[in-house]
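When you line the sequence shown up against numbering that gives the first Met the number 0, it's residues 0 to 214, in that order. Down below is the structure, laid out as structure tokens.
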Amino acid sequence: MKIILLGPPGAGKGTQAALLMGKYSIPQISTGDMLRAAVQAQSPMGIEAKKHMDAGGLVPDSVVIGIVRERLQEDDCRGGFILDGFPRTLPQADSLKQVLVDLDQELDSVISLQVDTDALVERLTGRRTCADCGKGCHLRFDPPAQDGSCRYCGGELVQRDDDREVTIRNRMKVYQEQTAPLEDYYREQGLLVTVDGMSDISVVQQAIQAALQDC
Ligand code: AP5
Ligand code: MG
Ligand code: ZN
């Protein structure tokens, strides 16, 4: 299964990708997670990327395309993958197309998660991520352990640097301007499926799995 999860910041791409990964035993490829790892490692690319990420803007296409091209060539992607947060611009989508031609692979489906703006802000402001295992949760909708630690490993929960309200608003604007046009791009290719992302996490997961059965 080769899937793209499309959707604005906070739509639930990472949450749903983690569940799909368990269901189909295919890797989640999150450019956001990969960039945050580069920031943490303070590599030259990470230092450059951090400036864009902290402002809520996009990291240059050439950087992100290079990361994804390398990742898709790894062995664990042969049986499929879930792209989470990539592509985000038309040039990224065109590059992905070429990479997949080179690898003799084809996309099965592009799932676009639909969530209202107010809900997005609430999800992002309440999101926490484990500093140890990297798993995400939500203070209200997907609560941590009773002592406030990660319920998977007991690690410390931290807030992402770009989950402040002013940065969130800019990420949403950037999404509308640069990423939303990808809906039409994939609709024209007959790959787009829109899924209501407003329900509970498990209900959204069921809707995605139902959509994937048809492809
Ligand atoms: P990235 O990490 O991809 O961030 P994003 O797209 O803004 O999306 P998020 O990760 O914030 O949201 P999500 O949809 O994964 O939601 P989640 O499942 O966590 O990118 C970060 C930055 O990196 C970008 O701004 C850019 O600078 C750079 N970047 C990354 N990729 C790039 C690219 N391709 N090109 C250029 N630059 C790139 O859910 C959010 C919260 O809601 C969680 O707390 C969760 O528990 C909760 N939740 C989830 N589902 C539900 C539900 N159904 N009901 C209630 N709560 C829910
Ligand atoms: Mg995410
Ligand atoms: Zn943890």
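Here a beta-carbon is modelled for each residue, glycine too, at the ideal position from N, C-alpha and C.
Query                                                                            : Result
Candidates 1, 18 and 8: closest to residue 206 by CA position                    : 18
Cβ-heavy atom distance, residue 8 to ligand 1, below 6 Å                         : yes
Straight-line gap, residue 135 to residue 126 (C-alpha atoms, nearest Å)         : 7 Å
Anticipated Cβ contact below 8 Å, residue 190 with residue 112, distance rounded : Actually they do not touch by this definition, with Cβ atoms about 15 Å apart.
Distance, residue 110 Cα to residue 98 Cα                                        : 20 Å
Supposed close pair residue 154, residue 130 - CB separation, criterion 8 Å      : 6 Å
Residues that residue 127 bridges to, as DSSP identifies them                    : 136
Straight-line gap, residue 79 to residue 171 (C-alpha atoms, nearest Å)          : 29 Å
Closer than 6 Å: residue 84 CB and nearest ligand 3 heavy atom                   : no
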